[in-house]
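Quick notes on the structure that follows.
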Amino acid sequence: AAAPGNRSFGVQHLYEPQPGISLTAAQQAATTTGRDGITSPMTISTRWLYTHRFPGTEAEGNYQRMNGNNAAPAGFGFTMKGVGLTAPGGDQVYEFRGRPNTGTFTIPVAAPVGGVAQMTLSGNPYPSALDLNKLFYDLPENAALGTFWFYDEDRTVASHYYTNKPYGYGVYTVGPEDTDGDPHDGDNLGSYAAAPFYYWNSGGGTTGGAGTGGSDQNKRFAPIGQGIMFVGDANGNVSIKNEYRLFYKEDTAGSVFQRPNGNDPSNETNLGPSFSTSAETATIDYRTPQMRLWAIFDDAVTRDMVLAFYEQATDGYDRGLDGLSAQDLKTDAYFPVGNDNARLPYVINSVNYEGNKQIPFAFKLNKTTNIRLRVVEEVKKPYEHAYLFDSQENTYKELTSSTLAGVTLSLPAGIYDNRFFIVFRNPNLKRDIPENEIEAKDVVLENVNFFQNNPVQQLEVSNPEGYTIKSAMVYDMNGKLVIQENNLGAKNKYSFYTGNLSDGVYLVKLTTTEDISIDSKVIVHNK
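Reading the sequence shown from the start, the letters are residues 40 to 566 in our numbering.
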């Protein structure tokens with residue numbers, strides 16, 4: 040719904056500028072019902088004009104065809120195929136003409152259905168910039184809004200078929216509420232995860248992949264005419280109001296029109312205003328502490344993800360700080376956020392940094408896949424080192440931006456949502472363990488003893504100080520877990536039957552409730 044006086048939009052309001060005549064001269068764009076438009080004179084195909092006015096997925100049936108009508112109500116966006124190829128690096132110029140919008144617009148949103156996000160095509164309806172942070176934090180009115188998605192595409196592919204045109208949606212989170220009253224100071228710009236490009240089918244599912252979009256983060260101040268997918272946390276409505284408007288020049292920090300520009304995603308991310316540590320020009324660095332990760336599958340498709348750090352963030356879902364994945368892909372990487380029985384895939388995850396924290400990290404694979412996990416950006420990082428911890432193999436692989444190779448994995452098809460974690464300490468490296476923990480571990484190691492009693496076929500552990508043992512694991516030399524017991528309590532002695540083990544050397548690993556690891560090697564001889 041829109042305030043009285045605003046009018047619906049469509050192809051009849053699109054004009055071609057005529058700068059050779061005057062600065063304001065323009066002629067109305069011609070239209071065709073054919074599949075292709077024309078660059079000169081500008082002719083737009085009405086075959087590809089659609090709105091998405093109701094919450095739903097990318098499925099074809101959720102779009103409403105506009106044809107040649109002005110059928111996009113004020114406050115809603117629309118999709119349109121371009122008129123043809125332009126010179127390399129060039130863009131087709133369209134002029135929007137009509138009555139400027141004002142007042143309040145009401146946009147419906149909906150909660151995820153079966154774990155799949157629902158989107159509504161809206162955007163900035165005003166003739167001035169729109170502050171998405173203000174819009175998002177107008178509570179309780181806009182409490183149903185979860186995040187924003189931005190369309191991006193592979194511009195090197197000239198096709199109007201979604202089965203042949205790789206595209207996707209980038210995810211933007213606004214960050215904490217900006218309460219200082221100054222939208223121009225460069226703080227609270229939020230986080231953006233770029234779109235992975237995929238081919239699509241009519242049901243809104245994806246097939247093959249092809250590349251990744253740009254990761255330009257300047258999204259907070261939506262420019263004039265910017266289309267945005269509103270994604271809901273709950274069923275309800277979102278209000279767009281005049282009070283969210285402001286004067287903000289495009290191409291400055293936080294306000295860049297989201298257009299598919301064909302940039303190489305390996306280009307440096309634009310994080311907003313530059314800053315200096317010079318005494319003469321020192322300014323505050325408002326950037327959000329974060330790690331940007333790329334998961335690269337079979338050296339083909341890249342999933343861009345952001346791990347951000349805020350003091351107010353929790354390990355669960357944080358509205359405005361966590362961004363739900365925009366695509367349910369057959370092969371993917373993500374942060375599983377939520378309760379164990381209702382976790383959803385997020386590509387932007389915000390946490391409060393703690394040195395001993397384990398952050399779940401998941402892979403979903405439809406076939407055996409080679410994976411490279413790279414850190415491509417670190418901003419004001421609160422940690423010294425970061426690792427991918429494999430809880431099954433008990434290995435720690437360092438995640439660092441200093442190498443292009445990254446962490447390499449090869450995994451069979453499956454969903455791995457409780458095996459891998461991003462951690463900031465490797466207990467096998469002394470550099471990662473605080474001094475007080477080293478001292479505590481030394482004391483424990485002095486007081487816990489192991490004895491392999493082969494005549495009675497059992498491993499015996501002496502624990503005279505009564506440390507509480509959280510888990511006991513025994514591995515063979517191939518890394519196979521052969522004995523596992525949990526929650527052993529604080530007994531003074533433990534024994535584990537080893538008569539069913541082959542002769543050989545085994546690694547014993549005990550872990551206390553204080554996460555102190557106690558390792559030993561024993562030789563089993565049952566003959």
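For glycine and all other residues, C-beta sits at the position ideal for the given N, C-alpha and C.
Treat the numbers as computed from the prediction; the structure is a model and nothing was measured.
- Does DSSP classify T118 as helix, strand or coil? In the sequence shown, residue 118 corresponds to position 79, counting from 1. Correct three-state label for T118: strand.
- Assign L171 to one of three DSSP states: helix, strand, or coil. To locate residue 171, count along the sequence shown from 1; it is residue 132. L171: helix per DSSP, three-state reduction.
- Exposed unless 16 or more other CB atoms sit within 10 angstroms - verdict on A381: Here residue 381 refers to the residue found at position 342 of the sequence shown. The residue is exposed, with fewer than 16 neighbouring Cβ atoms inside 10 Å.
- Query: DSSP state of L520, grouped into three classes?
  - Reply: Along the sequence shown, read from residue 1 onward, the residue named residue 520 stands at position 481. The answer is strand: DSSP assigns L520 an E or B state.
- The beta strand (DSSP E) enclosing K532, as first and last residue numbers: The count along the sequence shown starts at 1 and reaches residue 532 at position 493. Unbroken beta strand (DSSP E) run through K532: K532 to Y536.
- Message: Taking the straight line between their C-alpha atoms, what separation do you get for N539 and L546?
- Response: Here residue 539 refers to the residue found at position 500 of the sequence shown. Here residue 546 refers to the residue found at position 507 of the sequence shown. Going from the Cα of N539 to the Cα of L546 covers about 16 Å.
- Message: I'd like to confirm something about T551: is its beta-carbon nearer than 6 Å to some heavy atom of the ligand MN, or not?
- Response: Looking at this structure, you won't find the ligand MN or any other ligand, since it has none at all.
- Bridge-paired residues (DSSP) for Y27: No answer is possible for residue 27: the residues shown for the chain start at 40 and end at 566.
- Item | Which of helix, strand or coil DSSP assigns to V482 | Sequence index remark: in the sequence shown, residue 482 carries index 443 (1-based). It is helical.
- Message: Here's a check: name, in chain order, each residue in its chain whose Cβ is nearer than 6 Å to the Cβ of S305, leaving out the five neighbours to either side.
- Response: Within the sequence shown, numbered from 1, the residue matching residue 305 stands at position 266. Note that S305 scores a pLDDT of 38, beneath 50, so its modelled location is shaky; the value from the coordinates is reported in the next line. Cβ neighbours of S305 beyond the five flanking positions: none.
- Backbone secondary structure at Q51 - three-state DSSP: Counted from its first residue, the sequence shown places residue 51 at position 12. Helix at Q51.
- Message: One question on the structure: do V122 and I83 come within less than 7 Å of each other, judged by their Cβ atoms?
- Response: Mapped onto the sequence shown, residue 122 falls at position 83. Mapped onto the sequence shown, residue 83 falls at position 44. Result yes, Cβ atoms of V122 and I83 sit closer than 7 Å.
- Please name the residue, chosen from T96, D429, G44 and L53, that lies closest to K367 on a Cα-to-Cα basis. As a working mapping, residue 367 is identified with position 328 in the sequence shown. One point to set straight first is that residue 367 is Asp, not Lys, in the sequence displayed. The option with the nearest alpha carbon to D367 is T96.
- Item | Length of the line joining the Cα atoms of A65 and S278 | Position 26 of the sequence shown, counted from the first residue, corresponds to residue 65. Position 239 of the sequence shown, counted from the first residue, corresponds to residue 278. The straight-line gap from Cα to Cα measures roughly 33 Å.
- Message: Using the Cβ count rule (16 or more neighbours within 10 Å means buried), how would you classify G116?
- Response: Along the sequence shown, one-based indexing puts residue 116 at 77. Buried, because 16 or more other Cβ atoms sit within 10 Å of the Cβ of G116.
- Task: Decide if the segment 263-279 is in contact with the segment 388-408; the criterion is three or more beta carbon pairs, one per stretch, under 8 Å apart.
- Result: No, the segment 263-279 does not touch the segment 388-408.
- Cβ shell of R138 (< 6 Å), same chain only, five flanking positions each side left out: Locating residue 138 in the sequence shown gives position 99, where the first residue counts as 1. Result list for R138: R46, in chain order.
- With a 10 Å radius around its C-beta and 16 neighbouring C-beta atoms as the bar for buried, classify M516 as buried or exposed. Reading the sequence shown from its first residue, position 477 is the one you call residue 516. Around the Cβ of M516, a 10 Å sphere holds fewer than 16 other Cβ atoms; the residue is exposed.
- Item | Straight-line Cα distance separating A233 from S315 | Here residue 315 refers to the residue found at position 276 of the sequence shown. Here residue 233 refers to the residue found at position 194 of the sequence shown. Note that S315 scores 38 on pLDDT, short of 50, meaning its location in the model is unreliable and no value can be drawn from it.
- Just to confirm, are Y426 and Y435 a CB contact at a threshold of 7 Å? Translated into the one-based positions of the sequence shown, residue 426 becomes position 387. Translated into the one-based positions of the sequence shown, residue 435 becomes position 396. Yes, they are a contact pair.
- Message: Would M105 and G49 be called neighbours here (beta carbons separated by less than 7 Å)?
- Response: Start at 1 with the first residue of the sequence shown, and residue 105 comes out as number 66. Start at 1 with the first residue of the sequence shown, and residue 49 comes out as number 10. Remark: C-beta atoms of M105 and G49 approach each other more closely than 7 Å.
- Task: For N488, name the three-state secondary structure that DSSP assigns.
- Result: Here residue 488 refers to the residue found at position 449 of the sequence shown. If DSSP states are grouped into helix, strand and coil, N488 belongs with the strands.
- Integer Cβ distance of A444 from V210, believed to fall under 8 Å: Residue 444 sits at position 405 when you count from the first residue of the sequence shown. Residue 210 sits at position 171 when you count from the first residue of the sequence shown. Distance from A444 to V210 at the Cβ level is roughly 27 Å; contact not present, criterion being Cβ atoms closer than 8 Å.
- Query: Cβ of I461 less than 7 Å from any chain B Cβ?
  - Reply: No chain B appears in this structure, which consists of one protein chain only.
- Can you tell me the Cβ-Cβ gap for F269 and T353, rounded? I've got them flagged as a contact below 8 Å. For the purposes of this step, residue 269 is taken as residue 230 along the sequence shown, with counting starting at 1. For the purposes of this step, residue 353 is taken as residue 314 along the sequence shown, with counting starting at 1. Incorrect: roughly 24 Å between the Cβ atoms, too far for contact.
- Query: So, are the CB atoms of W333 and R413 less than 7 Å apart?
  - Reply: Position 294 of the sequence shown, counted from the first residue, corresponds to residue 333. Position 374 of the sequence shown, counted from the first residue, corresponds to residue 413. The beta carbons of W333 and R413 sit closer together than 7 Å.
- Task: Can you tell me which of I387, E192, P375 and R284 puts its alpha carbon nearest to the alpha carbon of Y206?
- Result: Counting from 1 along the sequence shown, the entry for residue 206 is found at position 167. The closest CA to that of Y206, considering only I387, E192, P375 and R284, is found on E192.
- Beta carbon of Q497 nearer than 7 Å to that of Y455: One-based indexing of the sequence shown puts residue 497 at position 458. One-based indexing of the sequence shown puts residue 455 at position 416. By the CB criterion at 7 Å, Q497 and Y455 fall outside the cutoff.
- Task: Could you tell me whether the Cβ atoms of V487 and I562 are closer together than 7 Å?
- Result: As a working note, residue 487 is residue 448 in the sequence shown. As a working note, residue 562 is residue 523 in the sequence shown. No; because the gap between Cβ atoms is not below 7 Å, this pair is not in contact.
- Message: Strictly by DSSP, which residues pair up with S84?
- Response: Locating residue 84 in the sequence shown gives position 45, counting from the first residue. For S84, DSSP records a beta bridge to T71.
- Query: So I387 and V340 are in contact, right, with Cβ under 8 Å, and what is the actual spacing, rounded?
  - Reply: Within the sequence shown, the letter at position 348 stands for residue 387. Within the sequence shown, the letter at position 301 stands for residue 340. Not confirmed; about 18 Å, so no contact.
- Query: Just to confirm, are V261 and L363 a CB contact at a threshold of 7 Å?
  - Reply: What you label residue 261 is simply residue 222 of the sequence shown in a count that begins at 1. What you label residue 363 is simply residue 324 of the sequence shown in a count that begins at 1. A small correction: the amino acid at residue 261 is Ala; Val does not occupy that position in the sequence shown. L363 sits away from A261, with the two beta carbons spaced by 7 Å or more.
- Message: For the beta strand (DSSP E) containing S559, name the first residue and the last one.
- Response: As a working mapping, residue 559 is identified with position 520 in the sequence shown. For S559, the enclosing beta strand (DSSP E) begins and ends at S556 to V563.
- Looking only at C-alpha atoms, which of K548, Q491, K530 and P58 sits nearest to N565? Here residue 565 corresponds to residue number 526 of the sequence shown, with the count starting at 1. Per the Cα distances, Q491.
- Can you pull the DSSP bridge partners for L346? Mapped onto the sequence shown, residue 346 falls at position 307. L346 pairs with M330 and N388.
- Message: With H, G and I counted as helix, E and B as strand and the rest as coil, what does DSSP make of Y283?
- Response: In the sequence shown, counting from the first residue as 1, residue 283 sits at position 244. Y283 sits in a helix when the DSSP states are folded into three classes.
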